[in-house]
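Novice: In our numbering, the protein residues as written are 32 to 165. Ideal Cβ positions, reconstructed from N, Cα and C, are used throughout, including at glycine.
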Amino acid sequence: MSYWIIKSDPESYSWEQMKKDKKTFWDGVRNYQARNNLKLMKEGDIALFYHSNSDKALVGEVEIIKEYYQDPTTDDDRWVCVDVRYLCDYKKPLTLEVMKANKGFSEVGLIKQSRLSVMPITIKEYELIKSFVD
DNA sequence: GCCAACGTTGGC
DNA sequence: GCCAACGTTGGC
32 MSYWIIKSDP
42 ESYSWEQMKK
52 DKKTFWDGVR
62 NYQARNNLKL
72 MKEGDIALFY
82 HSNSDKALVG
92 EVEIIKEYYQ
102 DPTTDDDRWV
112 CVDVRYLCDY
122 KKPLTLEVMK
132 ANKGFSEVGL
142 IKQSRLSVMP
152 ITIKEYELIK
162 SFVD
């Protein structure tokens with residue numbers, strides 16, 4: 032059981048849309064490092080949904096319900112996607128600002144490598160996040 | 001809207 | 001196989 036952060040620009044796919052859809056496939060990853068992380072995801076893993084740009088905050092959680100398969104939006108067999116379903120909303124979204132101010136998050140990819148769109152987090156980091164969001 | 005960081009591409 | 005040029009992303 033692993034924990035992840037997946038990032039989305041609300042202009043292309045927002046959390047509101049995610050909640051409306053209930054489940055979706057996480058496609059469009061075109062970066063090797065992010066792709067490799069997608070491939071490591073297992074059914075039942077938890078991914079935290081991060082809004083980049085306007086919100087810059089973790090807004091809720093989804094569950095991985097299907098492991099990686101060929102991304103149907105491209106013929107290029109280098110790229111994969113996974114299926115996720117809506118799990119829960121955060122009462123208080125955790126902003127990038129707060130994460131930057133707290134030492135416990137200093138190793139999180141969001142801080143260290145802001146362009147990576149899929150990244151693992153440790154259970155400790157996950158628990159720390161949970162202590163902020165409700 | 002600017003710019004820094006980083007990934008990718010292509011010429012050599 | 002190196003590196004310059006270029007494109008993209010995301011924070012500010």
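1. Spell out the partners DSSP gives GLN144 in its beta bridges.
2. Just tell me which of MET150, LEU127, ARG116, LYS87 has its CA closest to the CA of ASP52.
3. Could you give the residue range of the beta strand (DSSP E) that holds TRP57?
4. Verify whether the separation of the beta carbon atoms of ASP76 and TYR44 is less than 8 Å.
5. Excluding the 5 residues preceding and the 5 following PHE163 in the sequence, name in chain order all residues of the same chain whose CB lies nearer than 6 Å to its CB.
6. Compute the beta-carbon to beta-carbon distance between VAL93 and VAL149, rounded to the nearest angstrom, for a pair I have assumed lies under 8 Å.
7. Identify whether ARG116 lies in helix, strand or coil by the three-state DSSP scheme.
8. Give every residue of the same chain whose Cβ lies closer than 7 Å to the Cβ of LYS97, excluding the five residues on either side of it in the sequence, and list them in chain order.
9. Distance check for ASP106 and ILE37, CA to CA, integer angstroms please.
10. Go through its chain and collect everything with a Cβ distance to LEU159's Cβ below 8 Å, but skip five positions before and after it.
11. Closest to LYS143 by C-alpha separation, out of LYS70, ALA78, LEU127, ILE154, would be which residue?
12. Tell me which residues share the same chain as GLN64 and place their Cβ nearer than 7 Å to its Cβ, disregarding the 5 neighbours each side in the sequence.
13. With a CB to CB cut of under 7 Å and the five nearest residues on each side skipped, what residues in its chain are close to LYS122?
Specialist: Taking the structure as given:
1. According to DSSP, which records beta bridges pairwise, GLN144 is partnered with nothing at all.
2. ARG116
3. 54 to 57
4. no
5. LEU125
6. Their Cβ separation, rounded to whole angstroms, is 12 Å, which puts VAL93 and VAL149 out of contact at 8 Å.
7. strand
8. GLU74, VAL113, ASP114
9. 23 Å
10. ASN133, GLY135, PHE136
11. LEU127
12. LEU147
13. VAL164, ASP165
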